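> In order, the protein sequences belong to chains A and B.
Each residue of the first sequence is one higher than the one before, starting from -16 at the first, in the numbering used here.
Each residue of the second sequence is one higher than the one before, starting from -16 at the first, in the numbering used here.
Glycine is no exception: its CB is placed at the ideal position from the N, C-alpha and C atoms.
This structure is a prediction, so every number in the text was calculated from the model and none was measured.
There are 2 protein chains.
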Amino acid sequence: MARFAAIGLDHRHVYDMTEGLLAAGATCAGYNPDTSDPRVLAGFRKRFPHVPEAPTEALLDDRSIDFIVLSAVPRDRADLAIAAMHRGKDVMSDKPGVVALAQLDAVRAATEATGRLWSVCVGRVASPSLQEAIRVVRSGELGRLVQVVSLAPHRLNRALRPDWFFDRAAYGGIIADIGVHAIDTFLALADAEQATIESATVGAFGTAPEGFEDFCEFTLSTPSVRGYCRADWFTPDGLPDWGDGRLFLVGTEGTLELRKNLDIEGRPGSNHMFVANRAATRHVACESLPVTYYRDFLDAVRTRDFSTLPQAPVFAATRMALQAQATAKRFVAERGP
Amino acid sequence: MARFAAIGLDHRHVYDMTEGLLAAGATCAGYNPDTSDPRVLAGFRKRFPHVPEAPTEALLDDRSIDFIVLSAVPRDRADLAIAAMHRGKDVMSDKPGVVALAQLDAVRAATEATGRLWSVCVGRVASPSLQEAIRVVRSGELGRLVQVVSLAPHRLNRALRPDWFFDRAAYGGIIADIGVHAIDTFLALADAEQATIESATVGAFGTAPEGFEDFCEFTLSTPSVRGYCRADWFTPDGLPDWGDGRLFLVGTEGTLELRKNLDIEGRPGSNHMFVANRAATRHVACESLPVTYYRDFLDAVRTRDFSTLPQAPVFAATRMALQAQATAKRFVAERGP
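(1) Quick check on DSSP: helix, strand or coil for residue -16 (chain A)?
(2) Skipping 5 residues on each side, what residues in its chain have a beta carbon closer than 6 Å to that of residue 106 (chain A)?
(3) What are the start and end residues of the alpha helix (DSSP H) that includes residue 65 (chain B)?
(4) What residues of chain B sit near residue 136 (chain A), judged by a beta carbon separation below 9 Å?
(5) Give me the subset of the region 190 to 220 of chain A whose CB atoms are less than 9 Å from a CB atom of chain B, sorted by chain position.
(6) How would you list, in chain order, the residues of chain A whose beta-carbon sits under 7 Å from the beta-carbon of residue 249 (chain B)?
(7) How many Å lie between residue 150 (chain A) and residue 148 (chain B) at the Cα?
(8) Compare the C-beta of residue 393 (chain A) against all C-beta atoms of chain B and say whether one is closer than 8 Å.
(9) Name, please, each residue of chain B whose Cβ falls closer than 8 Å to the Cβ of residue 314 (chain A).
(10) Is residue 310 (chain A) buried or exposed, if buried means 16 or more other CB atoms sit within 10 Å of its CB?
(11) Going straight from the alpha carbon of residue 62 (chain A) to that of residue 305 (chain A), what length do you get?
(12) Following the continuous beta strand (DSSP E) through residue 103 (chain A), name the residue where it begins and the one where it ends.
(13) Using the rule of at least 16 other Cβ atoms within 10 Å of the residue's Cβ for burial, across every protein chain shown, is residue 255 (chain B) buried or exposed?
(14) Comparing alpha-carbon positions, which option in B:229, B:226 and B:179 lies nearest residue 208 (chain B)?
(15) Hey, residue 277 (chain A) and residue 3 (chain A): beta-carbon distance below 8 Å or not?
(16) Which chain A residues sit within Cβ distance under 8 Å of residue 222 (chain B)?
(17) Am I right that residue -14 (chain A) and residue 44 (chain A) are in contact with their C-beta atoms under 8 Å? What's the rounded C-beta distance?
(18) From the DSSP output, in three-state form, read off residue 183 (chain A) for me.
(19) Closer than 8 Å by beta-carbon distance: list the chain B residues that pair up with residue 127 (chain A), in chain order.
(20) Would you tell me roughly how many angstroms separate the C-alpha atoms of residue 37 (chain B) and residue 47 (chain B), rounded to the nearest one?
(21) At the level of alpha carbons, what is the spacing between residue 101 (chain A) and residue 76 (chain B)?
(22) Quick check: what's the CA-CA separation for residue 95 (chain B) versus residue 314 (chain A)?
(23) Output needed in chain order: residues of the region 129 to 159 of chain A with a Cβ under 8 Å from some Cβ in chain B.
(24) What did DSSP end up calling residue 246 (chain A) once you bin it into helix, strand or coil?
(25) Let me know the secondary structure DSSP gives residue 39 (chain A) once reduced to three states.
(26) Could you check the C-alpha separation between residue 25 (chain A) and residue 35 (chain A) for me, to the nearest Å?
(27) Nearest to residue 29 (chain B) by CA position, among B:98, B:52 and B:-3, is which residue?
(28) Return the residue from the list A:7, A:8, A:23 and A:6 that minimises the CA-CA distance to residue 14 (chain A).
(29) Report the neighbours of residue 182 (chain A) on chain B: residues whose CB is nearer than 8 Å to its CB, in chain order.
(30) Based on the DSSP output, what are the partners of residue 130 (chain B) in its beta bridges?
(31) How do the region 286 to 303 of chain A and the region 277 to 296 of chain B stand: do at least 3 beta-carbon pairs fall below 8 Å, yes or no?
(32) Buried or exposed for residue 308 (chain B), going by 16 or more other Cβ atoms inside 10 Å?
(33) If contacts are defined as beta-carbon pairs under 8 Å, then residue 173 (chain A) and residue 205 (chain A) qualify, I think. What distance do you get, rounded to the angstrom?
(34) State the start and end residues of the unbroken alpha helix (DSSP H) segment that holds residue 115 (chain B).
(35) Between residue 91 (chain A) and residue 298 (chain A), how many whole angstroms is the CB-CB distance? I'm expecting something under 8 Å.
(36) Return yes when the Cβ of residue 11 (chain B) is within less than 8 Å of the Cβ of residue 1 (chain B), no when it is not.
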């Protein structure tokens, strides 16, 4: 049975990854308690009280450990991933996997030199409704895919955020950090290895500290499909979820909507899909559909066959996000008197 | 009581305008039976059997008629509107009011020379949920407005469309024709007289005839608010309405969604509003809220006070739509083997 260590307890996403891996049958063999955010560490200990702590170096040197799970400060993830790969370990990284193109190149070189798996846990792999949407598109029910719109509001949760969350050099910027999900999803839906970012804007609408990137939008395309994404930090306090994430697909013969987080003032639960095709409309409850990502990851670690978790799209989406971030126009909203 | 004539029975929109005006107390004094589409004419006669027919010239010369309602082929609307204004009549025009900037300039000159009202019946003025959304934004409940997203699918209804519908010179192009709604709505929500079109794309995804503009998208902004619109002709056959039109508002303190046409697989009826603010979420059924446009128009005709129907936004939105149409990048989708 695969054994892993959790390194970099800087973001709560480590809970989801650890829980997903434990549920898929892996064993968490240790964690390093160094953190930028003691609340994340306390939450980890509370959720996983039987996991022993150990220094990072000891975990990386432990030959009984097959892979590491990374949720460090984004700026530090590439170095940790590279170190782990060079010591014979695969990597499951929180997103963003890197915050700079040079880091991405270094990670790619490490995967090539070591033959190790570097998997970034983006929304697509962990969302049952996104997985179902991909299946519907592949089935041809929507005809040829025309466009993908992603609306991705996130709750700021200021009181829970460590300092690095507001430091652009540390988290990489809003497109690199949360826009990357939509790029990855677009590539999957368009069944493309690459796409062109046609325009990108990063916005600052007054969220402190001054200039904080609280908004982004971008358009992208392949030769046959167009895409638009907005991501932001403006989930209202009164919404009973961290964000009302939506996905809208237009095809020549049908349309599809996901309400990924919740059906506002509607049905209970998450992961709702709405399809309209040539004959009818339907709602599909996707919340309890199986997510195979963690099992696929463990299979890939064991068999060294990475075909269910191809790395090219991960690198492509990350590269596109970093390029969009670097070239985005900056929009600083005027505020009234 | 105000009397009007219906001229140019080329699009079914004339039914809605006539019904709205009759319900508001006006009298339809006549119509010209010349049409490019005998089905539209037959439908008008069936709905309004007591309205007499007459030649256009006779209707324009009839001094008992206060205004005309125009749903001619879009290319012909400007000339008819100008002729009517110069003969002392106000105008309620189907959208698009014009298909070229030179036409728009000529209409503006006519309004200035004659003091007549030229009102274009865009979605904003006739939609109870849009009117309610504008009230919510003005109330401050959403904080400062950050962004407006409009998704506007339309049913192609090929079998019902006359030839001019597919002739770009006659209908003006997809942004001028149906994108104009979103521009007008954006200006109203942003409380702005002008906005900048930042990027615009017109797409052809294979709808016959070859090259037909079945898709458009554009981004726009004021100094404080951003906007994105997609409009298309891809409403699936199985959807029980002509299009699942949506509007998404993001504010610094709240968000708002409109499902203008229907709540797919949800509540009955149209004009659903969903608000999330600092404290809670709520659904508001807007379908039966009063729409004041037709009454406001009749008041303006009678009192010559146009303040409830200011013309500047109509000209601004139309100009922006024409400019976006003229400068849009063209995207012709590749189709697989």
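Answer, in terms of the structure:
(1) coil
(2) 164
(3) 57 to 69
(4) 233 and 238
(5) 190, 197, 198, 200, 202, 204, 205, 206, 207, 208, 209, 211, 213, 215, 217, 218, 219 and 220
(6) Those are 249, listed as they occur along chain A.
(7) Cα-Cα distance, rounded: 53 Å.
(8) With chain A covering -16 to 320 only, the question about residue 393 (chain A) has no answer from this structure.
(9) 204 and 209
(10) By the 10 Å Cβ count, residue 310 (chain A) comes out exposed.
(11) 17 Å
(12) 101 to 104
(13) buried
(14) B:179
(15) At the C-beta level, residue 277 (chain A) and residue 3 (chain A) come within 8 Å of one another.
(16) 238, 259 and 264
(17) Contact doesn't hold; Cβ gap of about 14 Å is too wide.
(18) strand
(19) Near residue 127 (chain A) (Cβ distances below 8 Å), the residues of chain B are 188, 189, 316, 318 and 319.
(20) 14 Å
(21) Take the alpha-carbon of residue 101 (chain A) and the one of residue 76 (chain B): they are about 60 Å apart.
(22) Their backbone Cα atoms lie some 37 Å apart in a straight line.
(23) Listed in sequence order: 129, 130, 132, 134 and 136.
(24) coil
(25) helix
(26) Those two C-alpha atoms are separated by around 13 Å.
(27) B:-3
(28) A:23
(29) Chain B residues near residue 182 (chain A): 181, 182 and 202.
(30) Paired residue(s): B:209 and B:233.
(31) no
(32) buried
(33) Taking a contact as a CB-CB distance under 8 Å, the pair residue 173 (chain A) and residue 205 (chain A) counts as one, their CB atoms being some 5 Å apart.
(34) Residue range 111 to 122 is occupied by the alpha helix (DSSP H) that includes residue 115 (chain B).
(35) 6 Å
(36) yes
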